[in-house]
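This report refers to the structure that appears directly beneath it.
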Amino acid sequence: MKLSGQVAIVTGGASNIGKAVGWRLAREGAQVIIADINFAAAEKVAADITEAGFKALPHRVDVSSKKEVQDMIRKGEEELGRIDILANVAGILGPSAPVSEISEEDWDRVLAINLKGTFLCCQAAIDGMIKRGYGRIVNISSVSGKEGNPMLAPYVSSKAGVIAFTKSLGKEIAKTGVTVNCISPTMIEGELVKQMSESYFQSLLDKIPMGRLGKPEEVAGLLNYLVSDEAGFITGQCYDLSGGRSVY
Ligand SMILES: NC(=O)c1ccc[n+]([C@@H]2O[C@H](COP(=O)([O-])OP(=O)(O)OC[C@H]3O[C@@H](n4cnc5c(N)ncnc54)[C@H](O)[C@@H]3O)[C@@H](O)[C@H]2O)c1
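See below:
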């Protein structure tokens, strides 16, 4: 129970990776706010965590809305006294199409949720963290944000932006006691994978030296380390979680 007494917000906490992160932080003793645009699913995750004897509350948020993000942080601080941990997991894949066919609306939507959403959540949370002299932020990027990926330009660009933003903010507030890092996973088990054709799935698998997908719990494990007290000298970094795929 290393996070006992701490308060954590997990955006995208209603599904797959965010859900695993919520469970892990709760098991470590944190009081977790499961924040998601899908409130019904967030409620279910929070109820399951609570039923298992840990602490969780659901919250509805659209991370691309500045007002909703500010309300989420304010509510968390007012009702629970503090936000120690922010895990920015919410994200969408967006269209899979050549650049010539991507609409301006789709481009804006993906960037608004994945990149602006990460910025808005960090911006709203850091004031209180800096005042208290302690905070741990982890953003979820993607290995594709480092490598590039055909047919997914908005997603990949947003995830590259998340890495650059993490490095910038980490350096900017390095002396405050607040650390900011990100994780860039390769393909993780979940619904997305189930929708892929056999050949596309195999082509992705072939890129991973370990020959398997990652598990949501493995993302949660790394994130749990990065939000721990032990990771106090780590900031502005991007950690790969790729079964040996990433080479830089
Ligand atoms: N699954 C993978 O293979 C993989 C690989 C690399 C990176 N990632 C990243 O990890 C994160 C989680 O992926 P996942 O597989 O768990 O996806 P998922 O689709 O299962 O979960 C994403 C969650 O974000 C929520 N969400 C979407 N838009 C939102 C918004 N505007 N405001 C608040 N919540 C919103 C969804 O409701 C959902 O609960 C994403 O950022 C994704 O890009 C995933």
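According to the working numbering, the stretch in the sequence shown is residues 1 to 248, in order. For glycine and all other residues, C-beta sits at the position ideal for the given N, C-alpha and C.
Please classify residue i: does DSSP put it in a helix, a strand, or coil?
{"i": "Arg-74", "result": "helix"}
{"i": "Asp-62", "result": "coil"}
{"i": "Leu-213", "result": "coil"}
{"i": "Tyr-155", "result": "helix"}
{"i": "Asp-48", "result": "helix"}
{"i": "Asp-36", "result": "strand"}
{"i": "Asn-149", "result": "coil"}
{"i": "Val-162", "result": "helix"}
{"i": "Gly-22", "result": "helix"}
{"i": "Leu-223", "result": "helix"}
For residue i, write down the residues that DSSP places opposite it in a beta bridge.
{"i": "Arg-136", "result": "Ile-85 and Thr-179"}
{"i": "Gln-31", "result": "Val-7 and Lys-55"}
{"i": "Tyr-239", "result": "Ile-183"}
{"i": "Ile-188", "result": "Gly-214"}
Any heavy atom of ligand 1 inside 7 Å of the beta-carbon of residue i?
{"i": "Ile-17", "result": "yes"}
{"i": "Ile-92", "result": "yes"}
{"i": "Thr-11", "result": "yes"}
{"i": "Ser-255", "result": "In this structure the chain extends from 1 to 248, so residue 255 is not present and cannot be described."}
{"i": "Gly-190", "result": "yes"}
{"i": "Ser-242", "result": "no"}
{"i": "Ser-64", "result": "yes"}
{"i": "Val-7", "result": "no"}
{"i": "Met-187", "result": "yes"}
{"i": "Val-110", "result": "no"}
{"i": "Ile-34", "result": "no"}
{"i": "Asn-149", "result": "no"}
{"i": "Val-61", "result": "yes"}
{"i": "Ala-164", "result": "no"}
{"i": "Ala-285", "result": "Because the chain in this structure spans residues 1 to 248, residue 285 falls outside the shown range and cannot be described."}
{"i": "Ile-173", "result": "no"}
{"i": "Ser-103", "result": "no"}
Based on Cα-Cα distance, which residue from the options lies nearest to residue i?
{"i": "Ala-40", "options": "Arg-27, Lys-67, Lys-55 and Arg-60", "result": "Arg-60"}
{"i": "Ser-242", "options": "Gly-232, Lys-2 and Asp-206", "result": "Asp-206"}
{"i": "Thr-235", "options": "Cys-182, Ala-125 and Ala-47", "result": "Cys-182"}
{"i": "Ile-92", "options": "Lys-116, Ala-125 and Tyr-200", "result": "Lys-116"}
{"i": "Gly-135", "options": "Phe-233, Val-99, Ile-83 and Asn-16", "result": "Ile-83"}
{"i": "Val-178", "options": "Pro-58, Asp-71, Glu-104 and Ile-85", "result": "Ile-85"}
{"i": "Val-219", "options": "Ala-112, Ser-142, Gly-128 and Ala-153", "result": "Ser-142"}
{"i": "Pro-185", "options": "Tyr-239, Gln-31, Lys-2 and Ala-42", "result": "Tyr-239"}
Would you please state the rounded distance, in angstroms, between the beta carbons of residue i and residue j? I believe it to be under 8 Å.
{"i": "Ala-87", "j": "Ala-8", "result": "7 Å"}
{"i": "Asn-35", "j": "Gly-13", "result": "The sequence as given places Ala at residue 35; Asn does not occur at that position. Sure, about 6 Å apart at Cβ, within 8 Å."}
{"i": "Arg-245", "j": "Pro-216", "result": "Rounded, the Cβ-Cβ distance is 17 Å, inconsistent with contact."}
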